[in-house]
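Throughout the sequence shown, residue numbering follows my numbering, covering 28 to 167 in sequence.
Structure, as structure tokens:
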Amino acid sequence: MKKDFSYGLVPIYKDEEKIEFLLTQHIEGHWAFPKGHAKGDETSLEAAQREFEEEAGIAQYRVDEGTTFEEEYYPQKDGQILHKTVVYYPAFVSDKKVVASKEEVADFGWFEYQEAMNKITFSGSKKILRQVRKYLQKNR
């Protein structure tokens, strides 16, 4: 079985009143966190940051490099089943202004937890959001 790895950030905006998460709608239609493949000899964190900056156009943020969340699933591509692993890092932003990549992103939005759970397409990404919420509750 062929293995495939992607890397992403879970963008988090916090103020006194609420916590919001940035979701992007991929051009294929699904809603998820920004992610993509590593290029060359990029580390997982470098790939996650590059993909986030390319897809969302946000360059100012703080990543908790010591914390990751992992999603695994088995999509079918070209008649073969892939073992896909996505590693996410939590990223805290102070400015919600998004300049989305028109090549990769059909839509985007900042959503509070329940809204985000309703918007996310795949169960694996919903699991990531639940894990991030627990992480945020422990690390207030």
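Using N, Cα and C, we set each Cβ at its ideal position, and we do this for glycine too.
Per DSSP, cross-strand counterpart(s) of residue i
i             : result
isoleucine 39 : Phe48, Phe119
aspartate 134 : Gln52
glycine 63    : Tyr34
tyrosine 100  : Lys111
Among the options, nearest to residue i - alpha-carbon criterion
i            : options                    : result
tyrosine 162 : Lys30, Tyr34, Ile46, Arg77 : Ile46
lysine 30    : Glu130, Pro102, Lys153     : Pro102
7 Å Cβ cutoff, residue i in contact with chain C
i              : result
isoleucine 108 : Here there is only one protein chain, and chain C is not present.
Exposure label - residue i; buried when at least 16 CB within 10 Å
i            : result
lysine 62    : buried
threonine 51 : buried
alanine 86   : exposed
alanine 126  : Sequence check: residue 126 is valine here, not alanine. Looking at its Cβ environment, which holds fewer than 16 other Cβ atoms inside 10 Å, valine 126 is exposed.
8 Å CB neighbourhood of residue i in its chain, flanking five on each side removed
i            : result
glutamate 92 : Leu72, Tyr116
Same chain, Cβ closer than 6 Å to residue i, five either side skipped, listed in chain order
i            : result
glutamate 98 : Val113, Gly151, Ile155
Sequence-distant residues of the same chain with beta carbon closer than 7 Å to residue i, five excluded per side
i              : result
threonine 95   : Val114, Tyr115, Tyr116
isoleucine 108 : Met28, Tyr101
So, does the segment 113-128 touch the segment 32-39, judging by three or more C-beta pairs under 8 Å?
yes
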